[in-house]
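Single-structure report; data block below.
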């Protein structure tokens, strides 16, 4: 049997390479399977938002969630752990809404500042080329400083509370690797029950009470809305 000619070998090699390359050419939208494509991706972002606690005895869907309203800003970062799953860390600073302080007849007149550190795990779901939905579950720690008026003085206290949340949202691609979005979270976190009239009636204070006597800390359910800008690195 004669040996194959160089021309025949070149032709067979060309056909083999073309055959191996054909799937990639025929399916340009197929996700890459290389190690580089599977590498984790990081992103950073900034957000603004606010939350309000559920007002006991108020069944209205909006006003019933405006007790102790707080507004704030924050920064966050996330890392993908699979094509769908991601983990996130965040740091936010919140303070009492000014309308809370100006309407003590309908709200607890507490002047409160909180720092909130959180971690979360979530999943993203592509809805379109430019739109994605996501869900999250997470928790963290809130460090808060609060003061309330009592007669001509103010009573102050500092507390550390655990916090947990369940959230969902959407992000819209507005530029290369840049997204604008919004999220809604239901949160379980610490709050205070403060009622000066109740304190006066129950004890008949002749001097300003202590913080432990004034602030009745308890777990509360809060609704939070956020808007954010996120950029993939």
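Residue numbers (the working numbering): 11 to 243. Note that the Cβ used here is the ideal one computed from N, Cα and C, for glycine as well.
Problem set entry | Start-to-end residues for the beta strand (DSSP E) that takes in residue 120 | Per DSSP, residue 120 belongs to no beta strand (DSSP E) and is neither H nor E.
For this session: Assuming residue 156 contacts residue 225 (C-beta within less than 8 Å), just tell me the rounded distance between them.
Result: Their Cβ separation, rounded to whole angstroms, is 7 Å, which keeps residue 156 and residue 225 in contact under 8 Å.
Exercise. Whose C-beta lies closer than 8 Å to the C-beta of residue 173 among residues of the same chain, with five residues either side of it excluded?
Worked result: 126, 128, 149, 150, 151, 152, 197, 198, 199, 200.
Exercise. When the Cα atoms are used, what is the spatial distance from residue 141 to residue 54?
Worked result: In this structure, the straight-line span from the alpha carbon of residue 141 to that of residue 54 is close to 18 Å.
Exercise. If you draw a straight line from the alpha carbon of residue 37 to that of residue 139, how long is it in whole angstroms?
Worked result: In this prediction, residue 37 scores a pLDDT of 48, lower than 50, which makes its location untrustworthy; no coordinate-derived value is stated.
Problem set entry | Cα-Cα separation, residue 192 to residue 166 | The straight-line gap from Cα to Cα measures roughly 34 Å.
For this session: Would you decide whether residue 179 is buried or exposed? Buried here means 16 or more other CB atoms lie within 10 Å of its CB.
Result: That one is buried.
Problem set entry | Euclidean distance between Cα positions of residue 195 and residue 220 | Straight-line Cα distance between these residues: approximately 34 Å.
Problem set entry | residue 225 (DSSP reduced to helix, strand or coil) | Residue state, collapsed to three classes: coil.
Exercise. By Cβ distance, which residues of its chain are closer than 8 Å to residue 51, with the 5 residues on each side in sequence left out?
Worked result: Cβ neighbours of residue 51 beyond the five flanking positions: 89, 90, 242, 243.
Problem set entry | residue 140 - DSSP class collapsed to helix/strand/coil | Here residue 140 sits in coil by DSSP.
Exercise. Mind checking residue 96: buried by the 16 CB within 10 Å criterion, or exposed?
Worked result: Of the other Cβ atoms in all chains shown, 16 or more fall within 10 Å of the Cβ of residue 96; this residue is therefore buried.
Exercise. In three-state terms, what does DSSP make of residue 74?
Worked result: Residue state, collapsed to three classes: helix.
Exercise. What number of angstroms, rounded off, separates the C-alpha of residue 136 from the C-alpha of residue 92?
Worked result: About 14 Å.
Exercise. Beta strand (DSSP E) containing residue 201: first to last residue?
Worked result: Counting along the chain, the unbroken beta strand (DSSP E) around residue 201 starts and ends at 188 to 203.
For this session: Take residue 161 as the anchor and find which of 101, 218, 81, 59 has the nearest alpha-carbon.
Result: Closest by C-alpha distance to residue 161, out of 101, 218, 81, 59, is 218.
For this session: Measure the alpha-carbon distance for residue 186 versus residue 240 and round it to whole angstroms.
Result: Taking the straight line joining both Cα atoms gives about 11 Å.
Exercise. Would the beta-carbon of residue 59 fall within 7 Å of that of residue 230?
Worked result: Contact flag unset, no.
For this session: Mark residue 168 as exposed unless 16 or more other C-beta atoms lie within 10 angstroms of its C-beta, in which case mark it buried.
Result: Looking at its Cβ environment, which holds fewer than 16 other Cβ atoms inside 10 Å, residue 168 is exposed.
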